[in-house]
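> Pasting in a structure now, in structure tokens, and then I'll have a few things to ask.
2 protein chains.
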Amino acid sequence: MERLCFGIDIGGTSVKLGLFTENGNLLDKWEIPTRREDSGSHILEDVAATVKKKIADDNLVRENIIGIGIGVPGPVTEDGTVINCVNLGWGIFNVSEETEKLTGFKTRVGNDANVAALGEMWQGGGRGYKNLIMVTLGTGVGGGVILNGEILTGSNGAAGEIGHITVNPSEEDKCNCGRPGCLEQFASATGIVKEAKRLLDKSKEPSKLREIQHLSAKAIFDCAKEGDALANELVEELCRYLALALSHIAHVVDPEAFVIGGGVSKAGTMLTDLTKKFYENNVLFALKNKDFKLAELGNDAGIYGSAKLIIGK
Amino acid sequence: MERLCFGIDIGGTSVKLGLFTENGNLLDKWEIPTRREDSGSHILEDVAATVKKKIADDNLVRENIIGIGIGVPGPVTEDGTVINCVNLGWGIFNVSEETEKLTGFKTRVGNDANVAALGEMWQGGGRGYKNLIMVTLGTGVGGGVILNGEILTGSNGAAGEIGHITVNPSEEDKCNCGRPGCLEQFASATGIVKEAKRLLDKSKEPSKLREIQHLSAKAIFDCAKEGDALANELVEELCRYLALALSHIAHVVDPEAFVIGGGVSKAGTMLTDLTKKFYENNVLFALKNKDFKLAELGNDAGIYGSAKLIIGK
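Going down the list, the sequences are from chains C and W. In terms of this note's numbering, the first sequence is residues 2 to 314. In terms of this note's numbering, the second sequence is residues 2 to 314.
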């Protein structure tokens, strides 16, 4: 009988759970709300309860379950200790040990962005690669570094914090992290909208963007595809900054591929093609010709990656 | 009896060799010239001959020798294949296999800058760390990434090519690599001299630097230490660009420490202190407080690291 495991992605508003086979088939998925009250102290209790209920409801054989993988929104060290998950109200404690105590299952924990990268490598846009960089362009910009098939955690759990690479040292507005010039300020969904407002104020050129009441990354990419000059300027700027950050990363780890996900990546190959074009101008000869892929798992990347975390290589 | 190994550093003009104990004692070191004629086809023959001679001269017991580690000036893949060592005249071939055939000893091969990083981790400025970045500020700027005690090679052997991270996208002069704006153009010994000439041409300020006929990185740092304003401006610029590149690296791999070597690092703690100061302004909170160390092994880093390569973790 094929063994099973749970892949769990704890977010600020909901906890996503998946029941997987060892080979990567998602048998079932569901969500529960994230109870943030009392410093988030009920979150893991709720996770344990819903896992136990699933086992009972489906008559799963306990001995057949490998364990539980969990992704959390914050830095995590190799042993599963979270440092500060602001969105969950958590301080410093060992999530692996706590979950093992509550469920009796072996547990491994990773940062949510890192885990999503692992998920894309396993069953998504990064299938077939063992060394890749995933960048998630959403409300913010997250990242994950996969080397030799495993997450690179870093000495303080802060490896892959790609969104906070400085790409524009002369920027004056501050990023959410408190410093100015981060990739997140230019390549996130919120970043490109902010840049659009700046450009529309500054430029006198006509643009379809001026007619849109609630600008969004999607609207900007759509207008760019229709040939709108200002929208294309914005898309180029985003891709140029993203390519610069990816070129920095390439000179450090020389990956096989880049996988781009998050809401902004719905723009599709326009995003990857243009980013690749700028990237090629920014790197040594030996680092050219990397593969640029779109993520495929969407919001499920986290549960896939968490499952892979506990399954191992 | 403690086991022994050879650590070998093949450079464009000479091959450095060291005989080491497994625990890192350098028993003897010597050099032979690098014969670059005939596409460098005699280099490994010469290495094999001098190794055999050493074994005979010192009456070493063959069974007591672990093997040979080699550093070469160019990209090398995990299996020991060199891609293009321009300085040696080498094309594409497997240096490990060739050396094993010529000597009968197990051989491992790495890029010279990566191997130097491993050497500094083992017996130099990086002792006690398992995750570090080494930057060598010499005629060019080289780098090495050590993760979990081992060299990160990268998918094409180009990991740690730190000197070619773009730090100034608006620079117009080209680096040796053919692109403009690389760290090497600002943080190498040749880079700071070039920047000095630029600044002296542009500025009308008096400076001791104007009296020096043959400007060097050392002279610039010496003048800076004596309080010369223009020299300090140049040192600040170098440290600012270096710190920017190190901050990029930190957001990717989150190392424990940075080790700075090469001729420019003879400037000492002035270099590390100022670079650390600028670095702290460029990184996320979780990446602050890294250790900044000076390299300690000088030109021997390569033979130490090559020895460690064959000894393993």
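Ideal Cβ positions, reconstructed from N, Cα and C, are used throughout, including at glycine. Being a predicted model, the structure only gives us computed values, none of them experimental.
Rounded to a whole number of angstroms, what is the C-alpha to C-alpha distance between serine 15 of chain W and glutamate 32 of chain W?
Locating residue 15 of chain W in the second sequence gives position 14, counting from the first residue. Locating residue 32 of chain W in the second sequence gives position 31, counting from the first residue. Each residue's Cα considered, the two are about 6 Å apart.
> Shortest alpha-carbon distance to arginine 128 of chain W belongs to which of W:Asp223, W:Asp292 and W:Asn300?
As a first step, residue 128 of chain W is located in the second sequence; it is residue number 127 there, counting from the start. Out of W:Asp223, W:Asp292 and W:Asn300, W:Asp292 has the C-alpha closest to the C-alpha of arginine 128 of chain W.
> Nearest CA to the CA of phenylalanine 286 of chain W: which residue from C:Lys209, C:Met271, C:Pro76 and C:Phe7?
Within the second sequence, the letter at position 285 stands for residue 286 of chain W. Residue C:Pro76 is the option with its Cα nearest to phenylalanine 286 of chain W.
> Methionine 122 of chain C lies in the alpha helix (DSSP H); which residues open and close that run?
Indexing the first sequence from 1 puts residue 122 of chain C at position 121. It spans 113-124 - the alpha helix (DSSP H) in which methionine 122 of chain C sits, taken as one unbroken run.
> Under a Cβ-count criterion, where at least 16 other Cβ atoms within 10 Å of its own Cβ denotes burial, should lysine 314 of chain W be classed as buried or exposed?
Counting from 1 along the second sequence, the entry for residue 314 of chain W is found at position 313. Exposed.
> Report the residue from W:Gly8, W:Gln214 and W:Ala188 whose alpha carbon sits nearest the alpha carbon of isoleucine 69 of chain W.
Counting from one through the second sequence, the residue named residue 69 of chain W turns up at place 68. With distances taken between Cα atoms, isoleucine 69 of chain W lies closest to W:Gly8.
> Between the C-alpha atoms of phenylalanine 94 of chain W and cysteine 176 of chain W, what's the straight-line distance to the nearest angstrom?
Indexing the second sequence from 1 puts residue 94 of chain W at position 93. Indexing the second sequence from 1 puts residue 176 of chain W at position 175. Between the alpha carbons of phenylalanine 94 of chain W and cysteine 176 of chain W lies a distance of about 28 Å.
> For chain W, is any of its Cβ atoms less than 8 Å away from the one on proline 256 of chain C?
Numbered from 1 along the first sequence, position 255 holds the residue referred to as residue 256 of chain C. Output row for proline 256 of chain C: interface = yes.
> Would you kindly check if the distance between the Cβ of valine 194 of chain W and the Cβ of alanine 230 of chain W is under 8 Å?
For the purposes of this step, residue 230 of chain W is taken as residue 229 along the second sequence, with counting starting at 1. For the purposes of this step, residue 194 of chain W is taken as residue 193 along the second sequence, with counting starting at 1. No, they are not a contact pair.
> Given the structure, does glycine 161 of chain C come close to the ligand ADP, in the sense that its CB is under 7 Å from one of the ligand's heavy atoms?
The model depicted lacks the ligand ADP and carries no ligand whatsoever.
> Give, in chain order, every unbroken run of the beta strand (DSSP E) that is at least 3 residues long and sits entirely within the segment 214-272 of chain W.
For the segment 214-272 of chain W, whole beta strand (DSSP E) runs of length 3 or above, ordered along the chain, are 258-262.
> For the alpha helix (DSSP H) that glycine 303 of chain W lies in, which residues bound it at each end?
Taking the first residue of the second sequence as position 1, residue 303 of chain W is located at position 302. Its alpha helix (DSSP H) spans residues 302-312.
> To the nearest angstrom, how far is the alpha carbon of valine 96 of chain W from that of leucine 148 of chain W?
Walking along the second sequence from the start, residue 96 of chain W turns up at place 95. Walking along the second sequence from the start, residue 148 of chain W turns up at place 147. One C-alpha to the other measures close to 24 Å.
> Nearest chain W C-beta to isoleucine 152 of chain C closer than 8 Å, yes or no?
Along the first sequence, one-based indexing puts residue 152 of chain C at 151. Chain W, which has no Cβ nearer than 8 Å to the Cβ of isoleucine 152 of chain C, makes this no.
> Just the chain C side, please: which residues come within less than 7 Å of threonine 167 of chain W by C-beta, in chain order?
Walking along the second sequence from the start, residue 167 of chain W turns up at place 166. Within chain C, the residues near threonine 167 of chain W are Leu245, Ser248 and Asn283.
> Below 7 Å on C-beta distance, what does glycine 147 of chain C contact in chain W?
Locating residue 147 of chain C in the first sequence gives position 146, counting from the first residue. The sequence given here has isoleucine at residue 147 of chain C, not glycine. In chain order: nothing, as chain W lies at least about 12 Å away.
> Do you know how far the Cα of leucine 310 of chain W is from the Cα of aspartate 29 of chain W?
By 1-based counting over the second sequence, the position of residue 29 of chain W is 28. By 1-based counting over the second sequence, the position of residue 310 of chain W is 309. About 18 Å.
> To the nearest angstrom, how far is the alpha carbon of threonine 108 of chain C from that of leucine 298 of chain C?
For this step, residue 108 of chain C is matched to residue 107 along the first sequence. For this step, residue 298 of chain C is matched to residue 297 along the first sequence. About 23 Å.
> For phenylalanine 293 of chain W, does the three-state DSSP call read helix, strand or coil?
For the purposes of this step, residue 293 of chain W is taken as residue 292 along the second sequence, with counting starting at 1. Of the three classes helix, strand and coil, the one that applies to phenylalanine 293 of chain W here is strand, per DSSP.
> Can you pull the chain C residues whose beta carbon is under 8 Å from the beta carbon of proline 76 of chain W, in chain order?
For the purposes of this step, residue 76 of chain W is taken as residue 75 along the second sequence, with counting starting at 1. Chain C residues near proline 76 of chain W: Ala287.
> Measuring only the C-alpha atoms, how far is valine 142 of chain W from leucine 184 of chain W?
Walking along the second sequence from the start, residue 142 of chain W turns up at place 141. Walking along the second sequence from the start, residue 184 of chain W turns up at place 183. Their backbone Cα atoms lie some 7 Å apart in a straight line.
> Could you check if proline 256 of chain C is buried or exposed, using at least 16 other CB atoms within 10 Å of its CB as the buried criterion?
As a first step, residue 256 of chain C must be located in the first sequence, where it is residue number 255. Per the 10 Å Cβ criterion, buried.
> So, is arginine 241 of chain C buried or exposed, given that buried needs 16 or more other C-beta atoms within 10 angstroms?
Counted from its first residue, the first sequence places residue 241 of chain C at position 240. By the neighbour-count rule (16 or more Cβ atoms within 10 Å), arginine 241 of chain C is buried.
> Where are the beta strand (DSSP E) runs, 3 residues long or more, that stay fully inside the segment 124-148 of chain W, in chain order?
133-138 and 142-148, all fully within the segment 124-148 of chain W.
> For a minimum of 4 consecutive residues, which ranges assigned as the alpha helix (DSSP H) are wholly contained in the segment 37-109 of chain W?
38-41, 44-58 and 96-104
> State yes or no: is the beta carbon of alanine 160 of chain C nearer than 8 Å to at least one beta carbon in chain W?
Reading the first sequence from its first residue, position 159 is the one you call residue 160 of chain C. Output row for alanine 160 of chain C: interface = yes.
> Specify, as a first and last residue, the run of the alpha helix (DSSP H) that threonine 191 of chain C falls within.
Here residue 191 of chain C corresponds to residue number 190 of the first sequence, with the count starting at 1. Per DSSP, threonine 191 of chain C belongs to the alpha helix (DSSP H) from 190-203.
> Starting from the Cα of glycine 25 of chain C, find the closest Cα among C:Ala57, C:Ser266 and C:Leu119 and give me that residue.
The residue given as residue 25 of chain C occupies position 24 in the first sequence. C:Leu119 is the residue among C:Ala57, C:Ser266 and C:Leu119 whose C-alpha sits nearest the C-alpha of glycine 25 of chain C.
> Checking the sheet assignment: what are the DSSP bridge partners for serine 15 of chain C?
For the purposes of this step, residue 15 of chain C is taken as residue 14 along the first sequence, with counting starting at 1. C:Pro34.
> By the criterion of Cβ-Cβ separation under 8 Å, what are the contact partners of asparagine 157 of chain C in chain W?
Position 156 of the first sequence, counted from the first residue, corresponds to residue 157 of chain C. Going along chain W in sequence order, the residues near asparagine 157 of chain C (Cβ under 8 Å) are Asp255, Ala287 and Leu288.
> If you measure beta-carbon to beta-carbon, which residues of the segment 170-181 of chain W are closer than 9 Å to chain C?
Pro170, Cys178, Gly179 and Arg180
> Report the partner residues of aspartate 10 of chain C according to the DSSP bridge assignment.
Here residue 10 of chain C refers to the residue found at position 9 when the first sequence is read from its first residue. In the DSSP output, where bridge partners are listed per residue, aspartate 10 of chain C has C:Lys17 and C:Gly72.
> Using 8 Å as the limit for Cβ to Cβ distance, is asparagine 300 of chain C near chain W?
For the purposes of this step, residue 300 of chain C is identified with residue 299 of the first sequence, where counting begins at 1. So no, asparagine 300 of chain C is outside the interface.
> Does the distance from the CB of glutamate 162 of chain W to the CB of histidine 252 of chain C come in under 8 Å?
Taking the second sequence and counting its residues from 1, one reaches residue 162 of chain W at position 161. Taking the first sequence and counting its residues from 1, one reaches residue 252 of chain C at position 251. Contact flag set, yes.
> I want to see whether chain W comes within less than 8 Å of isoleucine 33 of chain C, judged by CB atoms only; does it?
One-based indexing of the first sequence puts residue 33 of chain C at position 32. Chain W contact via Cβ: absent.
> What residue from W:Asp274, W:Thr104, W:Lys226 and W:Gly90 has the CA that sits closest to glutamate 46 of chain W's CA?
Counting from one through the second sequence, the residue named residue 46 of chain W turns up at place 45. Ranking W:Asp274, W:Thr104, W:Lys226 and W:Gly90 by Cα distance to glutamate 46 of chain W puts W:Thr104 first.
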